[in-house]
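Since the structure comes first, as structure tokens, the remarks are kept for the end.
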Amino acid sequence: MTYSFPDEVLEHVFSFIQSVKDRNAVSTVCKSWFEIERWCRRKVFIGNCYAVSPRMVIKRFPEVRSIELKGKPHFADFNLVPDGWGGYVLPWIVEMAGAYPGLEEIRLKRMVVTDESLELIAKSFKNFKVLVLFSCEGFSTDGLAAIASGCKNLRELDLRESEVDDLSGHWLTHFPETCTSLVSLNISCLGSDEVSLSALERLVGRCPNLTSLRVNRAVTLDRIANILRCAPQLIDFGTGNYTAELRPDVLSNLAGAFSSCKELKSLSGFWDVVPAYLPALYSVCSRLTSLNLSYATIQSAEIIKLVSHCPSLQRLLVLDYIEDSGLEALASSCKDLQELRVFPSDPFGAELNVSLTEQGLVAVSLGCPKLQSVLYFCRRMTNAALVTTAQNCPNMTRFRLCIIEPKTADYLTLEPLDVGFGAIVEHCKDLRRLSLSGLLTDRVFEYIGTYAKKLEMLSVAFAGDSDLGLHHVLSGCEGLRKLEIRDCPFGDKALLANAAKLETMRSLWMSSCTVSFGACKLLGEKMPRLNVEVIDETEPPDARPESCPVDKLYVYRSVSGPRFDMPPFVWTMDEGKILH
Amino acid sequence: MSPENGKLLPETDAGGLNFKATELTLGLPGESRVTSDGVAKLGSKRGFSETVDLSLGDNKDSNKLGQFQINVPEAAKSPVSKAQVVGWPPVRGYPKRGTKSCKYVKVAVDGAPYLRKVDLEMYNTYQQLLTSLEDMFSCFTIRNYLNDKKLERVNGIEYVPTYEDKDGDWMLVGDVPWHSSNDTYKTFKRKLNEEALYMKHPRN
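Which chain is which? The protein sequence lines are A and D, in order.
Our numbering numbers the first residue of the first sequence as 15 and each following residue consecutively.
Our numbering numbers the first residue of the second sequence as 796 and each following residue consecutively.
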């Protein structure tokens with residue numbers, strides 16, 4: 015007697031389950047569900063490219079059409095991971111070229127992508143549609159030319175924040191005249207000379223479905239009007255250089271072009287802004303939900319003028335030129351604000367150059383009830399401000415505070431900021447991501463371990479007093495997936511006592527801490543399903559006594575064992591041996 | 796003053812300089828300023844001393860060190876970046892945000908033995924650029940087409956400012972508005988104004 019539905023019915027039911035997490039859950043119900051699910055899985059997400067091998071993925075999921083891979087640890091963004099560490103995508107492309115001829119989408123983050131990889135993609139996947147290279151490096155415009163000419167049905171090419179070698183400015187001309195399928199094109203990261211403007215305009219003009227376009231700095235203000243008129247259907251637009259000598263005809267032409275874009279909701283770019291040209295945007299401001307001014311060196315008064323025209327704003331990225339006064343204006347104009355990122359205009363300067371303090375943060379938390387995601391760089395903070403912010407925003411899911419000077423205390427009470435961050439984790443029960451800064455003792459970690467039950471990612475720098483701090487986090491944060499720590503007095507005891515916890519996480523990064531080489535070896539020996547990598551550019555870790563601290567440690571769970579593409583300055587601790 | 800941490804501090808000189816305040820650390824520029832017990836030294840505003848590679852020679856040579864010490868307070872008055880900890884603050888792609896890019900172009904002058912480089916971002920008008928170039932190549936004069944004003948002659952030869960644009964053509968400086976032309980400049984060159992030369996000769 016059969017109890018279950020026929021396979022086809024189950025497969026049909028599963029097709030409505032798109033989220034990767036839910037799919038994973040479905041596959042663990044029973045063996046037959048596992049089998050059915052794996053044959054109809056179309057989308058795979060691999061948060062750490064070294065956690066599993068391409069062959070294992072292909073073996074389990076034979077019919078994948080979309081893959082997302084992440085490579086280097088997050089701290090690579092801040093130059094803490096030496097060049098050559100790894101994260102190469104080529105082995106994946108080589109395997110998938112044979113196994114997934116129908117592959118349509120590849121999304122990569124912090125991976126090394128070579129021209130060879132791009133050429134192989136263009137050659138191997140006849141129905142290739144989406145290529146997203148987020149913070150990637152290792153390729154040139156030659157590789158892009160191969161993609162442009164080889165992928166006949168390309169819908170999305172997004173190079174956000176990647177580093178591209180400029181070899182020829184004309185790669186855009188490799189898009190054939192027959193290519194009309196583009197929906198999204200983001201080339202904002204390319205340098206000034208890397209784009210043929212006329213080819214770009216022609217491409218934009220012949221793609222009627224293009225809804226997202228982010229150009230690079232080579233596109234000058236006078237060309238923007240032309241581009242916008244070719245693509246009035248745009249929803250998301252990234253300008254190039256927003257600078258020119260002020261001429262009334264150029265201004266009115268630009269204003270007219272913007273007003274013809276009735277669907278425009280998101281703007282970015284704005285390098286070298288001339289404030290006199292900002293009024294050209296006013297016609298779209300009322301509809302704007304996302305505005306990225308983080309490259310715009312305009313002062314507070316100008317920012318206030320612009321932002322006060324944008325009542326629907328949900329997302330704002332801006333430099334600290336906005337100052338407290340600008341944030342107060344934001345708080346009164348933009349009641350739908352959900353995400354705010356304030357970047358430092360002079361991060362390495364010794365002096366305070368703008369009047370941006372904890373007051374701005376408090377103002378926004380008070381005025382914007384929907385605020386969920388904050389990234390805030392400032393130079394002073396108080397516990398009181400953090401407590402108020404926490405109480406005003408109980409729905410906060412991402413909170414990253416960077417007080418520029420390490421170990422800065424509450425400037426009014428001179429106390430550590432433990433209580434302030436404690437309030438954040440206590441009141442914001444859905445907090446998933448947290449970055450700490452300022453003067454912090456082990457107490458803040460006790461609060462985090464006690465309250466931050468949904469926390470998935472924690473970033474710590476120059477904080478804590480002892481291993482107890484690390485122990486609180488590893489033993490208390492049940493949902494923790496990624497932990498990255500630098501310059502903290504955390505060492506062997508907490509790490510080894512919580513070794514099992516590390517298998518429930520994606521990865522742990524510790525640099526300039528006090529974890530000894532001996533402890534790393536022990537961890538690698540005891541935990542075969544963890545890759546324990548020691549990174550040291552000056553000398554091999556065994557050239558020193560075992561009790562010496564390692565420079566950098568990266569621990570991640572893996573079902574495919576130690577990797578074999580390690581550079582000379584990375585050692586894996588594996589079952590008592592040191593692999594190299 | 797007594798030696799501290801193995802570093803010898805020279806005697807206070809007659810000028811009463813506070814040597815403690817200008818204490819030179821022995822770290823290299825950019826080295827982490829955090830000691831192993833986690834104490835950061837970044838609070839000090841001794842930007843200048845911290846960015847100097849301190850192989851100043853013999854500490855016992857107090858005259859030399861004294862002379863250096865005299866310079867330090869002067870330099871410390873100007874705003875200088877602190878010694879940077881690697882990867883802190885956690886900002887990406889600095890200096891892309893908040894600062895303008897540099898636009899360096901080469902400047903060659905006919906007859907000069909070497910080329911110079913100027914940053915076009917430093918100037919707001921052609922006049923400023925030409926004045927600066929004049930200073931750089933002070934033995935030559937520059938024909939100023941913008942104001943049609945003859946500048947001071949030194950050796951009787953006038954120079955014309957020209958540039959090579961991205962199509963490879965030699966163009967006269969000044970026709971295109973300053974801002975819009977910024978990214979087409981590749982090399983400036985001074986060319987002998989042969990017409991002016993020719994006109995001068997009959998008079999000699």
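Where is the CB? At the ideal position from N, CA and C, for every residue including glycine.
What you are looking at is a predicted structure, and each value in this text was computed from that prediction instead of being measured.
{"Item": "Neighbourhood of His215 of chain A by C-beta, 8 Å cutoff - its chain only, sequence neighbours within 5 removed", "Value": "One detail in the question is off: residue 215 of chain A reads as Glu in this sequence, not His. Correct list, in chain order: Arg237, Asn240, Ile241, Cys244."}
{"Item": "Partner residues on chain A for Gly882 of chain D, Cβ-Cβ distance less than 8 Å", "Value": "Phe89, Phe92, Asn93, Leu94, Arg500"}
{"Item": "Continuous alpha helix (DSSP H) stretch holding Val264 of chain A: start and end", "Value": "262 to 273"}
{"Item": "9 Å Cβ cutoff met for Val595 of chain A and Ser80 of chain A", "Value": "Only positions 15 to 594 of chain A appear in the structure, and residue 595 of chain A is not among them; the question remains open."}
{"Item": "Members of the stretch 473 to 490 of chain A that neighbour chain D once the beta carbon cut-off is set at 9 Å", "Value": "Ser473, Ala475, Phe476, Ala477, Gly478, Asp479"}
{"Item": "With 16 other Cβ atoms within 10 Å as the buried cut-off, status of Ala232 of chain A", "Value": "buried"}
{"Item": "Chain D within 9 Å of Glu560 of chain A, Cβ atoms only", "Value": "no"}
{"Item": "Coarse secondary structure for Arg911 of chain D, derived from DSSP in three states", "Value": "strand"}
{"Item": "Nearest neighbour of Thr225 of chain A, chosen from A:Ser198, A:Phe48, A:Ile161 [CA to CA]", "Value": "A:Ser198"}
{"Item": "Span separating the alpha-carbon of Leu295 of chain A from that of Pro262 of chain A", "Value": "15 Å"}
{"Item": "Proximal residues, the stretch 403 to 425 of chain A versus chain D, C-beta separation under 8 Å", "Value": "Cys416, Ile418, Glu419, Pro420, Lys421"}
{"Item": "Test: Pro555 of chain A CB closer than 9 Å to a CB of chain D", "Value": "no"}
{"Item": "Alpha-carbon spacing of Glu539 of chain A relative to Phe531 of chain A, whole angstroms", "Value": "12 Å"}
{"Item": "Residues that Phe391 of chain A contacts on chain D, provided the C-beta gap is smaller than 7 Å", "Value": "Pro884"}
{"Item": "Lys535 of chain A burial status per 10 Å Cβ neighbour count (16 or more: buried)", "Value": "buried"}
{"Item": "Of the residues A:Ser154, A:Ala39, A:Ile50, the one placed nearest Val23 of chain A, counting alpha carbons only", "Value": "A:Ile50"}
{"Item": "For Leu186 of chain A, the nearest candidate out of A:Glu170, A:Ala213, A:Asp180, A:Arg228 (CA to CA)", "Value": "A:Ala213"}
{"Item": "Reduced DSSP category for Gly152 of chain A - H, G, I as helix; E, B as strand; rest coil", "Value": "coil"}
{"Item": "Whole-angstrom distance between Leu366 of chain A and Ser876 of chain D, CA atom to CA atom", "Value": "Unreliable positioning characterises Ser876 of chain D in this predicted model, as indicated by a pLDDT of 45, which lies under 50. The coordinate reading is nonetheless provided below. Straight-line Cα distance between these residues: approximately 11 Å."}
{"Item": "CB contact below 9 Å: Ser449 of chain A versus chain D", "Value": "yes"}
{"Item": "Cut-off 6 Å between Cβ atoms - residues of its own chain near Leu217 of chain A, not counting five sequence neighbours on either side", "Value": "Phe189"}
{"Item": "Assigned secondary structure, Ala245 of chain A (DSSP; H/G/I helix, E/B strand, else coil)", "Value": "coil"}
{"Item": "Cβ-Cβ distance between Ile418 of chain A and Pro361 of chain A below 9 Å", "Value": "yes"}
{"Item": "Environment of Leu344 of chain A [buried if 16+ CB atoms lie within 10 Å]", "Value": "buried"}
{"Item": "CB contact below 9 Å: Glu170 of chain A versus chain D", "Value": "no"}
{"Item": "Boundaries (first-last residue) of the alpha helix (DSSP H) holding Ser595 of chain A", "Value": "With chain A covering only 15 through 594, there is no way to say anything about residue 595 of chain A."}
{"Item": "Any chain D beta carbon closer than 9 Å to Glu175 of chain A", "Value": "yes"}
{"Item": "Rounded C-alpha distance that separates Tyr114 of chain A from Leu171 of chain A", "Value": "20 Å"}
{"Item": "Close beta carbons around Trp965 of chain D, own chain, < 7 Å, minus the five adjacent residues each side", "Value": "Thr957, Glu959"}
{"Item": "Where Arg355 of chain A sits in the DSSP three-state scheme", "Value": "strand"}
{"Item": "For Gly252 of chain A, three-class secondary structure by DSSP", "Value": "strand"}
{"Item": "Spatially closest choice to Val144 of chain A from A:Leu117, A:Thr128, A:Glu130, A:Ser131, by CA coordinates", "Value": "A:Leu117"}
{"Item": "Below-9 Å beta-carbon distance, Trp965 of chain D vs any chain B residue", "Value": "Judged by its chain identifiers, the structure shown contains no chain B, and its protein chains are A and D."}
{"Item": "Entirely enclosed alpha helix (DSSP H) segments - the stretch 298 to 356 of chain A, minimum 4 residues", "Value": "314 to 321, 337 to 347"}
{"Item": "Ala111 of chain A - partner residues in DSSP beta bridges", "Value": "Paired residue(s): none; Ala111 of chain A is not in a bridge."}
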